[in-house]
Every structure is written in C-alpha cells, then in structure tokens.
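> Chains as they are written, first to last, in the numbering used here: chain A, 118 to 229; chain B, 68 to 178. Quick one: the structure is below, questions incoming.
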Amino acid sequence: KAGVTQTPRYLIKTRGQQVTLSCSPISGHRSVSWYQQTPGQGLQFLFEYFSETQRNKGNFPGRFSGRQFSNSRSEMNVSTLELGDSALYLCASSLIAGSEQYFGPGTRLTVT
Amino acid sequence: DQQVKQNSPSLSVQEGRISILNCDYTNSMFDYFLWYKKYPAEGPTFLISISSIKDKNEDGRFTVFLNKSAKHLSLHIVPSQPGDSAVYFCAAQTDTGKLIFGQGTTLQVKP
Numbered sequence: 118k119a120g121v122t123q124t125p126r127y128l129i130k131t132r133g134q135q136v137t138l139s140c141s142p143i144s145g146h147r148s149v150s151w152y153q154q155t156p157g158q159g160l161q162f163l164f165e166y167f168s169e170t171q172r173n174k175g176n177f178p179g180r181f182s183g184r185q186f187s188n189s190r191s192e193m194n195v196s197t198l199e200l201g202d203s204a205l206y207l208c209a210s211s212l213i214a215g216s217e218q219y220f221g222p223g224t225r226l227t228v229t
Numbered sequence: 068d069q070q071v072k073q074n075s076p077s078l079s080v081q082e083g084r085i086s087i088l089n090c091d092y093t094n095s096m097f098d099y100f101l102w103y104k105k106y107p108a109e110g111p112t113f114l115i116s117i118s119s120i121k122d123k124n125e126d127g128r129f130t131v132f133l134n135k136s137a138k139h140l141s142l143h144i145v146p147s148q149p150g151d152s153a154v155y156f157c158a159a160q161t162d163t164g165k166l167i168f169g170q171g172t173t174l175q176v177k178p
C-alpha cells in the first residue's frame with residue numbers, strides 16, 4: 118500500500134507570495150492533519166480535516182488555510198508569505214479522526 | 068505555551084549502552100502519549116505509545132515509562148544501535164485526537 122505522498126518536496130518562494138501544498142493520504146484513510154516543523158519548535162499542529170470538514174485547528178494566523186477533497190486528498194495554502202514561514206510542512210493521514218497517524222516526507226518551504 | 072517539552076535538544080551515547088530520552092507535559096488531562104522517530108528527509112514514524120492507565124510499555128528494545136504525578140515520560144532504548152540515530156519526538160494526544168509534539172531530541176549513537 119502506498120504511503121502518504123506530498124508535493125512538491127521542495128519549494129522556494131519570495132515574501133508576499135502565496136503557496137499551495139498538496140497531500141495524498143494512504144488509500145482508505147479519511148483524516149488528514151498538517152503540521153509545521155521548525156528548528157527548536159518541534160512539530161506544531163496546523164489543522165485536521167475529516168470527510169472534507171475541518172475538525173481541529175491550531176494557533177496559526179488566518180493566512181494558513183486548508184481544505185480536503187472528496188477523495189480525501191488535502192491541500193494547504195499560505196498567503197502573503199513571511200520569512201518566518203520557512204519550515205518543513207508535514208502531512209499525516211489516519212484511518213479515522215484520532216487514530217494512529219502516518220506521516221508523509223514533508224514539503225520543505227523556503228521563503229526569501 | 069509549550070504544553071509538551073523536551074528539554075534536551077541532543078543526546079550522544081555509545082553503541083550498546085542505554086539511551087534515555089525525556090519529555091515533560093503540563094496538562095494533566097492528557098491521557099495518551101506517543102513517541103515518534105524521524106530520519107532526515109523522511110516524515111516521523113510511530114515508535115511506541117502509552118496510555119495513562121499504565122506506567123510502562125515495552126516493545127523490544129524500546130520501553131516508555133510514564134510518571135503521571137510528575138507529568139513526565141521517558142523513552143529507554145536498550146541496547147542502543149547506530150541505526151537508532153535520529154530525532155525523537157514525544158507527543159500527547161488530546162481528547163479530540165490532536166497531537167501536541169515536543170521540540171524533539173536528536174539522538175546520536177556512536178559505534
């Protein structure tokens with residue numbers, strides 16, 4: 118069974134631009150969560166989607182948004198990029214909300 | 068407000084010895100804890116978990132201990148192997164299923 122895939126793997130953007138990251142969960146998984154990893158901060162929860170509905174949300178500004186499609190694929194969008202948004206963005210899928218999470222390899226976003 | 072803390076950014080041990088990674092949490096409502104391991108260029112992978120009804124859980128070379136009164140958990144790896152070198156994250160699961168992670172500890176096991 119294929120694992121969680123994230124595209125693109127690497128991305129360089131400039132301040133003020135926007136970016137969309139994509140996550141394809143493990144087949145059959147209906148819950149997708151997004152995390153931001155930065156040095157010294159660990160993994161910080163962004164949001165979770167289950168059956169196309171946002172179920173949980175972390176403490177990030179409204180510039181960070183996401184959505185989930187009917188095939189459980191998810192996208193996250195960051196608008197008006199700031200230098201501090203440079204991070205590894207990880208997506209995790211689980212069978213149902215609250216069950217064991219399986220992580221993708223992440224998208225490394227660099228904002229210059 | 069860091070609800071889950073790993074105060075040691077790094078740890079270095081000799082192959083064959085014990086590795087002890089520590090984690091503290093502040094919210095006494097947390098009742099399920101997990102450890103993840105992360106290699107460079109890969110996502111975290113689940114290692115071991117423990118429920119608050121237990122104080123110890125063992126899986127091969129990995130044992131997690133939970134001290135609820137101290138709000139402290141630790142991961143023991145015995146014996147440590149060079150392939151264990153990675154970043155280790157502890158996480159607490161909230162009642163809504165959200166995972167709250169610590170900052171991570173980089174373990175280096177020297178041959």
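The beta carbon of each residue, even a glycine, is placed where N, CA and C say it ideally should be.
DSSP has B/S119 in a bridge; who is on the other side?
According to DSSP, B/S119 bridges with nothing at all.
> So which residues of chain B does A/G159 contact, with C-beta pairs closer than 7 Å?
Ordered by position in chain B, the residues that pass the 7 Å Cβ test against A/G159 are F156, F168, G169, Q170 and G171.
> If the cut is a Cβ gap below 7 Å, which residues of chain B does A/A119 touch?
By Cβ distance, chain B contributes nothing, its closest Cβ being about 14 Å from A/A119, past 7 Å.
> Count the other CB atoms within 10 Å of the CB of B/D122; is the residue buried (16 or more) or exposed (fewer)?
Looking at its Cβ environment, which holds fewer than 16 other Cβ atoms inside 10 Å, B/D122 is exposed.
> Quick check: does the Cβ of B/E82 come within less than 7 Å of any heavy atom belonging to the ligand NAP?
Summarising the ligand content, the structure contains no ligands, and the ligand NAP is consequently not present.
> My understanding is that B/Y103 touches B/F113, with C-beta atoms under 8 Å, so please give their C-beta distance in whole angstroms.
Yes, they are in contact, since the Cβ atoms of B/Y103 and B/F113 sit about 6 Å apart, within 8 Å.
> Residues in the same chain with beta-carbon distance under 8 Å from B/A158, minus the five sequence neighbours each way, listed in chain order, please.
For B/A158, where only same-chain residues beyond five positions count, the Cβ hits under 8 Å are V71, F100, L101, W102, Y103, L166, I167, F168 and G169.
> Could you name the residues of the segment 118 to 151 of chain B whose beta carbon sits closer than 8 Å to any beta carbon of chain A, in the order they occur along the chain?
So nothing in the stretch comes that close.
> Output, in chain order, the set of chain B residues within a Cβ distance shorter than 9 Å of A/E217.
By Cβ distance, chain B contributes L101, F113 and S116.
> Inspect the beta-carbon positions of A/V136 and A/C208 and report whether they are closer than 8 Å.
In this structure, A/C208 does not lie closer than 8 Å to A/V136 by Cβ.
> Chain A beta carbons: is any one of them nearer than 8 Å to that of B/A108?
Yes - at least one Cβ of chain A is within 8 Å of the one on B/A108.
> Closer than 7 Å, Cβ to any Cβ of chain B: which residues of the segment 175 to 192 of chain A, in chain order?
So the list is empty, because no residue satisfies the distance condition.
> Could you tell me which chain A residues have their CB closer than 7 Å to the CB of B/G83, listed as they occur along the chain?
Within chain A, no residue comes near B/G83; the closest Cβ sits about 29 Å away, beyond 7 Å.
> Can you round the beta-carbon distance between B/D151 and B/S86 to whole angstroms, since I take them to be within the 8 Å contact cut?
Right, the Cβ-Cβ distance comes to about 7 Å (below 8 Å), so this counts as a contact.
> If you compare alpha carbons, which of B/E125, B/L142, B/G83 and B/Y106 is closest to B/Q148?
For the residues B/E125, B/L142, B/G83 and B/Y106, the minimum Cα distance to B/Q148 belongs to B/G83.
> Please determine, among A/C140, A/E199, A/S203 and A/P222, the residue with the shortest C-alpha to C-alpha distance to A/L128.
Among A/C140, A/E199, A/S203 and A/P222, the Cα nearest to that of A/L128 belongs to A/S203.
> Quick check: the Cα distance between A/Q229 and A/T155, rounded to an integer number of angstroms?
For the record, residue 229 of chain A in the displayed sequence is Thr; it is not Gln. Each residue's Cα considered, the two are about 16 Å apart.
> With a cut-off of 8 Å on the beta carbons, I'd call A/E192 and A/R180 a contact; round off their distance for me.
Not quite, the Cβ-Cβ distance comes to about 15 Å (not below 8 Å), so this is no contact.
> Shortest alpha-carbon distance to B/V145 belongs to which of B/R128, B/I115, B/K177 and B/N89?
Per the Cα distances, B/R128.
> For the beta strand (DSSP E) that contains A/M193, what are its first and last residues?
From DSSP, the beta strand (DSSP E) with A/M193 extends over S191 to V195.
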